[in-house]
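In terms of our numbering, the sequence shown opens at residue 1 and continues consecutively.
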Amino acid sequence: MISVGNLSVGGTGKTPFVQYLVHLLKTRYPKYHISILSRGYGAKASSEGKLVAVDDDPMVVGDEPLLHKQRFPWVQVLIGKHRYRVFQNLNKHLDPHHFVLLDDGFQHKAIVRNLDIVLLDSNAPLSNGYTIPLGKLREPVSSLQRADTLVFTKLNSINERLVNLLIPKLKAQFPSLPILYASSLYSYKRVLGDQDEFTTGVLICGVGNPESVFYGAKSLFPTSHIQTIYFPDHAHYEYEDLKKISENHSSYIPYLCTTKDWVKWSKKSAWMQHLKETNRTVFVLDYKVVLRDESTLVMQIDDLVSRHESKISLEETP
1 MISVGNLSVG GTGKTPFVQY LVHLLKTRYP KYHISILSRG YGAKASSEGK
51 LVAVDDDPMV VGDEPLLHKQ RFPWVQVLIG KHRYRVFQNL NKHLDPHHFV
101 LLDDGFQHKA IVRNLDIVLL DSNAPLSNGY TIPLGKLREP VSSLQRADTL
151 VFTKLNSINE RLVNLLIPKL KAQFPSLPIL YASSLYSYKR VLGDQDEFTT
201 GVLICGVGNP ESVFYGAKSL FPTSHIQTIY FPDHAHYEYE DLKKISENHS
251 SYIPYLCTTK DWVKWSKKSA WMQHLKETNR TVFVLDYKVV LRDESTLVMQ
301 IDDLVSRHES KISLEETP
């Protein structure tokens, strides 16, 4: 059981990091099954729990779990408010060679995990240092003593100075805690329309930290003017709201969104029909995690696997 969590509210890049782990685990340990266990924030099926299918409705299973399943159809994705019970009831992989990734699990203390990875957004690692409601921290900084690995995500040349100022304090408080650094490599795909370049575009997204997406979009289209329309994280996107936005822009102005948004847009038939009828170009932005000193994390996982394999051998010995 590997948990990927954070200390603060807002987007720290958990979804891309979980997907990075899936790639890493599948490549390095091909005989192991992989499952992702998520709460399914805002999902209708979260109360009773569900095994996510590729063609599920994001309203039912949640945008991030569906995004995981569509990207990795061979991965078992489970959602549920009571994650341990859901896993016990719905897990199909009885083989002991099995990785379970607990998405947003740092505060979910009821589930025992073998590796606790905590992510901090390099743009505002500890916010103002206060917990909710005075700040954005879910729990005090001292809770990092439970973590096995700390990862600064979205690191770039601008925020690296802020991170470097914080590192000595964290190392003094948590001397044995490995600290890693991850940057974001953005890419895009045109999914509708025929434009390749544009002077003005509109970024429409509903994610935890939309400013990071904006800077990613600017890195991909540096000479374009990009306007922004931000929705709340996990927004369901009502057709009337999107249509009103569209009425304010000429059809030659393309829209940009994230993969997390597109997984919901693509399921809204009226909106998709409207985009096609108006010949609107849509670019979907994506980014992958590039982890520095990956060998540190690999060594931790190798150690877990080694101990797990030894346990399996002992149990199989007559």
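Even for Gly, the Cβ is constructed at its ideal location relative to N, Cα and C.
The alpha helix (DSSP H) spanning residue i covers which residue range?
| i | result |
| --- | --- |
| Phe-17 | 14 to 28 |
| Ala-217 | 210 to 220 |
| Phe-87 | 83 to 90 |
| His-98 | First-last for His-98: 98 to 103, but that is the beta strand (DSSP E), not the alpha helix (DSSP H). |
| Gln-227 | Here Gln-227 belongs to no alpha helix (DSSP H); instead the beta strand (DSSP E) covers 225 to 230. |
Is it true that the CB of residue j sits closer than 7 Å to the CB of residue i?
| i | j | result |
| --- | --- | --- |
| Leu-278 | Ser-251 | In the sequence as presented, Leu is not what sits at residue 278; that position holds Thr. For Thr-278 and Ser-251, yes; Cβs fall inside 7 Å. |
| Val-298 | Trp-262 | no |
| Asp-289 | Phe-106 | The residue asked about is misnamed: residue 289 is Val in this sequence, not Asp. No, these two residues do not count as a Cβ contact at 7 Å. |
| Ala-45 | Val-60 | yes |
| Pro-254 | Tyr-230 | no |
| Thr-281 | Gly-193 | yes |
| Phe-99 | Tyr-32 | yes |
| Tyr-287 | Tyr-186 | yes |
| Asp-63 | Lys-264 | yes |
| Leu-203 | Ile-167 | no |
| Ser-3 | Asp-116 | yes |
Let me make sure I understand the geometry here. Which of the options has the alpha-carbon closest to that of residue i?
| i | options | result |
| --- | --- | --- |
| Ser-8 | Pro-140, Ala-45, Ala-110 and Leu-102 | Pro-140 |
| Tyr-41 | Pro-16, His-33, Gln-300 and His-236 | His-236 |
| Ala-76 | Val-54, Arg-85 and His-82 | Sequence check: residue 76 is Gln here, not Ala. Of Val-54, Arg-85 and His-82, the residue nearest in Cα terms is Val-54. |
| Leu-90 | Lys-136, Leu-101, Leu-78 and His-97 | Leu-78 |
| Lys-109 | Ser-122, Arg-146, Leu-137 and Tyr-130 | Arg-146 |
| Gln-173 | Phe-198, Ser-157 and Leu-144 | Leu-144 |
| Tyr-215 | His-249, Ser-183, His-97 and Lys-50 | Ser-183 |
| Asp-121 | Arg-138, Trp-74, Gly-10 and Ile-312 | Gly-10 |
Taking the alpha-carbon positions, what's the residue i to residue j distance?
| i | j | result |
| --- | --- | --- |
| Lys-276 | Val-191 | 11 Å |
| Gly-208 | Leu-220 | 20 Å |
| Lys-243 | Met-272 | 11 Å |
| Pro-178 | Asp-103 | 20 Å |
| Ser-157 | Leu-126 | 19 Å |
| Val-213 | Ser-310 | 43 Å |
| Gly-135 | Thr-12 | 16 Å |
| Arg-83 | Gly-49 | 8 Å |
| Ala-270 | Tyr-239 | 7 Å |
| Glu-160 | Val-151 | 13 Å |
| Pro-65 | Ile-245 | 27 Å |
| Pro-96 | Leu-137 | 36 Å |
First and last residue of the beta strand (DSSP E) that includes residue i?
| i | result |
| --- | --- |
| Asn-6 | 2 to 6 |
| Ala-182 | 179 to 192 |
| Leu-297 | Taken as a continuous stretch (DSSP letters only), Leu-297 belongs to no beta strand (DSSP E), being part of the alpha helix (DSSP H) at 294 to 316. |
| Ile-36 | 33 to 38 |
| Leu-78 | 76 to 79 |
Based on DSSP bridge pairs, tell me the residues matched to residue i.
| i | result |
| --- | --- |
| Phe-283 | Arg-190 and Leu-256 |
| Lys-288 | Leu-185 |
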